[in-house]
Structure formats: structure tokens, C-alpha cells
Amino acid sequence: MSKPDELLVDIAALVESGHSNQMTLTVVAGGAVITGRLAPEAVWRQRVSEVLADSARLSEFSAVFTAPAPVGKTPTHLHFHVARILQGTVGIPDTGGMYRVAIEDVSAWTMGDFSYSDR
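The sequence shown lines up with residues 16 to 134 when you count with the working numbering.
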């Protein structure tokens with residue numbers, strides 16, 4: 016998007032304000048479909064830092080994510096957790112991952128997350 020969708024920015028701002036981390040969203044960005052739950056950036060950073068700290072090979076990168084998230088600024092990114100990239104008939108990863116998506120890169124979005132069913 017050349018100009019980020021104001022409604023999407025408002026949703027991100029509400030999540031950032033700490034009112035909820037239960038908002039589920041599906042977006043298309045760069046041709047990828049990403050679906051999952053939004054988290055405030057500070058919560059997302061903390062979780063990424065924890066995962067990296069527990070890794071024998073990647074623990075040195077943990078500190079990068081402990082820098083404080085900007086406060087009071089208009090959100091520029093969506094921070095997904097428990098999220099999947101939808102590819103064909105599967106979601107990658109099965110257990111959900113953590114993704115950061117620039118709002119200006121979102122070309123389409125909808126409320127809720129998608130999952131597959133054989134029914």
C-alpha cells in the first residue's frame with residue numbers, strides 16, 4: 016500500500032495500547048498470507064528474546080530484541096504471535112510463529128484467522 020490503511024493502523028494502535036492481545040487478523044503482504052494473533056510490540060520483542068536466549072546457536076541475538084519498543088508513536092508494524100504463513104493446504108509452522116509485518120506492505124486484510132479443515 017502506498018498509504019497504510021488507517022483502520023489497520025487504528026487496530027494496531029489499540030493492540031499497542033495494551034487493551035487486547037486477542038485480536039486475530041489475516042493479512043496479505045508480499046504475496047504471503049499470514050494469519051494469527053496480534054501482540055503489542057513490547058510483548059512480541061520479549062517473547063522473541065526469550066526464544067533466542069534459549070537457543071544454543073542464537074542466544075547472542077537475544078539482546079537485540081530487549082531494546083524498548085517505541086511508546087506513543089503511530090504503529091508502523093503488526094506483530095503476530097501464534098501465527099502461520101498459509102501455503103497450499105498447510106500453515107507454516109504448525110505450532111505458530113512470530114512475524115513482524117510492515118503495515119505499509121499489507122495489500123489486503125481481514126478480521127480473524129484462517130485454518131484448514133477436511134470437512
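The beta-carbon is built from N, C-alpha and C at its ideal position, and this holds for glycine as well.
Anticipated Cβ contact below 8 Å, residue i with residue j, distance rounded
i       : j       : result
Ile-118 : Leu-93  : 6 Å
Ile-49  : Val-116 : 6 Å
Ser-70  : Phe-80  : No, Ser-70 and Phe-80 are not in contact; Cβ-Cβ is about 12 Å, not under 8 Å.
Residue i classed as buried or exposed, judged by whether at least 16 other C-beta atoms fall within 10 angstroms
i       : result
Gln-109 : A quick correction: the sequence has Asp, not Gln, at residue 109. Exposed.
Ala-78  : exposed
Arg-99  : buried
Pro-83  : exposed
Leu-22  : exposed
Ala-28  : exposed
Pro-15  : With the chain running from 16 to 134 in the structure shown, residue 15 is simply not present.
Unbroken alpha helix (DSSP H) run spanning residue i, endpoints
i       : result
Arg-60  : 56–68
Ala-117 : Premise fails: Ala-117 lies in the beta strand (DSSP E), 105–117, not in any alpha helix (DSSP H).
Leu-29  : 21–31
Segment limits, beta strand (DSSP E) that includes residue i
i       : result
Leu-53  : 47–53
Arg-99  : 92–102
Leu-40  : 39–44
Ala-82  : Counting along the chain, Ala-82 falls outside any beta strand (DSSP E), and DSSP gives it neither H nor E.
Val-121 : 121–126
Short CB-CB distance (under 9 Å) between residue i and chain C
i      : result
Leu-53 : The structure shown has no chain C; it contains just one protein chain.
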